[in-house]
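Everything on this sheet refers to the single structure shown next.
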Amino acid sequence: GVGVPVPGGFSTTAFAYKEFLDKGGINNFINTTLADESIYTDVDKLMKVGKAVRDKIMDTPFQPEFETELEAQWKRVSGGSDTFTFAVRSSATAEDLPDASFAGQQETYLNVMGYEDMKYKVHLVFASLFTDRAISYRHDRGFEHQKVQLCATCQKMVRSETGSAGVMFTLDTESGFTNVVFITSAFGLGETVVGGTVNPDEWYVFKPTLAEGKESIIARTMGSKMVKMVYKKAGGTELVDTSAKEQNSWSISDKEVTDLAVIAVKIEKHYGRPMDIEWARDGDDGKLYIVQARPETVASQKKVGVLEDYKMLQKGGSVLATGRAVGKRIGAGKVNILKSIDEMSKFEKGDVLVADMTDPDWEPIMKKASAIITNRGGRTCHAAIIARELGIPAIVGCGDATEKLAVGQQVTVSCNEGDTGFIYDGILKFERTEQDLGELPKVGMKI
1071 GVGVPVPGGF STTAFAYKEF LDKGGINNFI NTTLADESIY TDVDKLMKVG
1121 KAVRDKIMDT PFQPEFETEL EAQWKRVSGG SDTFTFAVRS SATAEDLPDA
1171 SFAGQQETYL NVMGYEDMKY KVHLVFASLF TDRAISYRHD RGFEHQKVQL
1221 CATCQKMVRS ETGSAGVMFT LDTESGFTNV VFITSAFGLG ETVVGGTVNP
1271 DEWYVFKPTL AEGKESIIAR TMGSKMVKMV YKKAGGTELV DTSAKEQNSW
1321 SISDKEVTDL AVIAVKIEKH YGRPMDIEWA RDGDDGKLYI VQARPETVAS
1371 QKKVGVLEDY KMLQKGGSVL ATGRAVGKRI GAGKVNILKS IDEMSKFEKG
1421 DVLVADMTDP DWEPIMKKAS AIITNRGGRT CHAAIIAREL GIPAIVGCGD
1471 ATEKLAVGQQ VTVSCNEGDT GFIYDGILKF ERTEQDLGEL PKVGMKI
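Counting in this note's numbering, the sequence shown runs from 1071 upward without gaps.
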């Protein structure tokens, strides 16, 4: 009744998930296995334990009554057609709480065709509650593993591979300013924006003028959008290069930007808090759809009345690379360039993580980093959200940081100089100050 367009479909229940774990005897195995505190400090051990838990879930069949209902719902929505495509997404019961985003902690599967494939993907979603990153994330934030349950949402796939998709926040992610909607977009399926594979287009829409029906786009930045994600013929997805025309044009029109902002404000009003929303534009019918919405967890949770400030005390040091600044902090340390998640054990606490891109699987080492630098990604990708949540400075979309920086090189990463983040050569002095606004002295004039 809120007037927000969402794709049709169905969802499994948290009760069905709990029953599956109980009946299959999986609960005891999980609780015993994850009680070992040493796995949370040893990345290799965490990977072994995570795999053991996921294998146990995948080896346990669904209860027969669950399968009967799942097939009935699949038939209802698809009409029994094996070419009807679904997106199978996860939603955890402790997920999307105002103080923890769980951004990308569980899996999403796109372009799923046929009942058997959908059943398999629902099983994988159930197992994804115990990805290494999800186990680590919950432990660090004090969520008990056994109290977190999961639903698998099976929605009609929005044909955005011939359209566009992206993410929007109902506030400015950097300053926490609540009078704007921040929208990012790229061609093709939205996973590229969410995962940080592309540098997307960005817009800021001013809410007060939007409410009055006036021109309300106050800023726009065109992203490079070098790749897009499309469907594979037999199901699943793949990345392809975008054309020069696509790279040099906006992925959605000004009218669509405004329409998205109107939808975002409706969702914010409905939930009564700032929101982080994934959207898609169907290339077939040209309509906009909302595919996911969760509370924004960083800017809206900042300590009120406390002003944190970072300041460079030393200038100099040549600028080695630049990108989009995430947060307002400064970090320094030695460069550690990782090509894949398999190199996680080489990463030491306090290193500056440099990578082509990161995804949520990297969370167990992101929390050890003094700063994060990526070649690709925008301010609404998972790496940026997790970096903000962890309070670590990050610079995304640098383009060529992995080539310009060398392993072991000492650098300073500054995000407190505006939209652009700077990576300086050498360890430069900086200071952090915290001012409690409740303690400010009275002044002899009206402010």
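Virtual Cβ for every residue (Gly too), placed ideally from N, Cα, C.
Residue i to residue j span [Cα, whole Å]
i: Asp1166; j: Arg1364; result: Since pLDDT at Asp1166 reaches only 44, below the 50 mark, its modelled position is unreliable, and the value read off the structure follows with that caveat. Cα to Cα, Asp1166 sits roughly 5 Å from Arg1364.
i: Ala1197; j: Ala1314; result: 40 Å
i: Asp1414; j: Arg1458; result: Looking at the sequence itself, residue 1414 is Met, so the reference to Asp does not match. If you take the alpha carbons of Met1414 and Arg1458, they lie about 21 Å apart.
i: Lys1118; j: Asp1412; result: 13 Å
i: Thr1153; j: Lys1325; result: 33 Å
i: Lys1437; j: Leu1460; result: 6 Å
i: Lys1093; j: Ile1127; result: 12 Å
i: Cys1451; j: Thr1262; result: 9 Å
i: Pro1434; j: Ala1204; result: 9 Å
i: Asn1249; j: Ala1331; result: 11 Å
i: Cys1224; j: Glu1316; result: 31 Å
i: Gly1233; j: Leu1180; result: 15 Å
i: Phe1172; j: Met1345; result: Residue placement at Phe1172 is flagged as unreliable, the pLDDT there being 48, under the threshold of 50; the coordinate-derived value follows with that caveat. Going by the C-alpha atoms only, they are around 14 Å apart.
i: Ala1170; j: Thr1103; result: Low confidence applies to Ala1170: its pLDDT is 48, below 50, so where it sits in the model is not reliable enough to give any reading.
i: Gly1212; j: Met1515; result: 46 Å
i: Asp1187; j: Lys1121; result: 21 Å
i: Pro1168; j: Glu1282; result: Caution is warranted here: a pLDDT of 47 is assigned to Pro1168, below 50, making its placement in the model unreliable, and the coordinate value is therefore given only provisionally. Approximately 29 Å, taken between the alpha carbons.
i: Trp1320; j: Leu1408; result: 32 Å
i: Leu1280; j: Val1389; result: 39 Å
i: Val1113; j: Ser1081; result: 33 Å
i: Tyr1207; j: Glu1141; result: 33 Å
i: Glu1378; j: Val1513; result: 22 Å
i: Thr1155; j: Val1335; result: 30 Å
i: Thr1328; j: Ile1337; result: 14 Å
i: Gln1216; j: Gln1480; result: 42 Å
Start-to-end residues for the alpha helix (DSSP H) that takes in residue i
i: Ser1206; result: 1202 to 1210
i: Lys1088; result: 1084 to 1093
i: Ile1435; result: 1433 to 1436
i: Glu1459; result: 1452 to 1460
i: Ile1497; result: First-last for Ile1497: undefined, no H or E at that position.
i: Gly1120; result: 1113 to 1129
i: Leu1140; result: 1134 to 1148
i: Gly1265; result: 1261 to 1265
Residue i - containing beta strand (DSSP E), residue span
i: Phe1080; result: 1079 to 1081
i: Ala1350; result: 1345 to 1351
i: Arg1159; result: 1155 to 1162
i: Tyr1190; result: It is not in any beta strand (DSSP E) - Tyr1190 instead sits in the alpha helix (DSSP H) that spans 1185 to 1197.
i: Ile1333; result: Not the beta strand (DSSP E): Ile1333 falls in the alpha helix (DSSP H), residues 1324 to 1341.
i: Arg1364; result: 1358 to 1365
i: Trp1273; result: 1271 to 1276
i: Ser1234; result: 1234 to 1239
i: Leu1390; result: 1389 to 1396
Rounded distance between the beta-carbons of residue j and residue i, thought under 8 Å
i: Gln1465; j: Val1483; result: According to the sequence displayed, residue 1465 carries Ile and not Gln. Indeed, because the Cβ distance is near 6 Å, the residues count as touching under 8 Å.
i: Leu1350; j: Val1251; result: Note on identity: in this sequence residue 1350 is Ala, with Leu being the wrong assignment. Going by Cβ atoms, the distance from Ala1350 to Val1251 rounds to 17 Å, so no, they are not a contact pair.
i: Ile1462; j: Gly1387; result: Not really, about 20 Å apart at Cβ, beyond 8 Å.
i: Thr1478; j: Val1405; result: What sits at residue 1478 in the sequence shown is Gly, not Thr. The pair is a contact, with the Cβ atoms about 6 Å apart (cut-off 8 Å).
i: Ala1074; j: Ile1360; result: A small fix is needed here, since residue 1074 is Val in this sequence, not Ala. The Cβ separation is near 5 Å, so the contact holds.
i: Ala1256; j: Tyr1274; result: Wrong, their Cβ atoms sit about 17 Å apart, outside the cutoff.
i: Lys1298; j: Val1310; result: 6 Å
Residues near residue i in its chain [Cβ-Cβ closer than 7 Å; skip 5 each side]
i: Leu1199; result: Ala1162, Gln1176, Val1218, Leu1220
i: Thr1490; result: Thr1392, Ala1395
i: Arg1446; result: Gly1266, Thr1267, Val1268, Asn1269, Asp1426, Met1427, Gly1467
i: Lys1191; result: Val1158, Tyr1179, Val1182
i: Pro1077; result: Gln1225, Lys1226, Val1228, Tyr1359, Val1361
i: Lys1420; result: Residue 1420 is actually Gly in this sequence, not Lys. Cβ within range, chain order: Gly1403, Ser1440.
i: His1340; result: Val1072
Contacting residues, own chain, Cβ-Cβ under 8 Å from residue i (five flanking each side not counted)
i: His1193; result: Ile1127, Met1128, Phe1132
i: Ser1230; result: Gly1258, Leu1259, Gly1260, Ala1350, Arg1351, Asp1352, Gly1353
i: Asp1470; result: Ala1391, Asn1445
i: Arg1449; result: Thr1243, Glu1244, Phe1252, Thr1254, Glu1272, Arg1394, Val1396, Val1466
i: Gln1362; result: Arg1159, Ile1347, Glu1348
i: Lys1284; result: none
i: Phe1500; result: Tyr1380, Lys1381, Met1382, Leu1383, Gln1384, Ile1400, Ala1402, Thr1482, Ser1484
i: Lys1357; result: Pro1075, Arg1351
Same chain, Cβ closer than 6 Å to residue i, neighbours up to 5 away in sequence not counted
i: Asn1097; result: Leu1091
i: Asp1431; result: Arg1203, Ile1411
i: Phe1417; result: Asn1406, Ile1435
i: Phe1239; result: Phe1252, Asp1346, Glu1366
i: Arg1502; result: Tyr1380
i: Ser1286; result: Val1275, Phe1276, Thr1279, Leu1280
C-beta neighbour in chain D for residue i, strict 8 Å
i: Asp1329; result: Absent from the structure is chain D; it holds one protein chain and no more.
Sufficient close CB pairs (3 or more, under 8 Å) joining the stretch 1292 to 1299 to the stretch 1268 to 1279
yes
The stretch 1074 to 1093 in contact with the stretch 1121 to 1134 per 3-pair CB rule at 8 Å
yes
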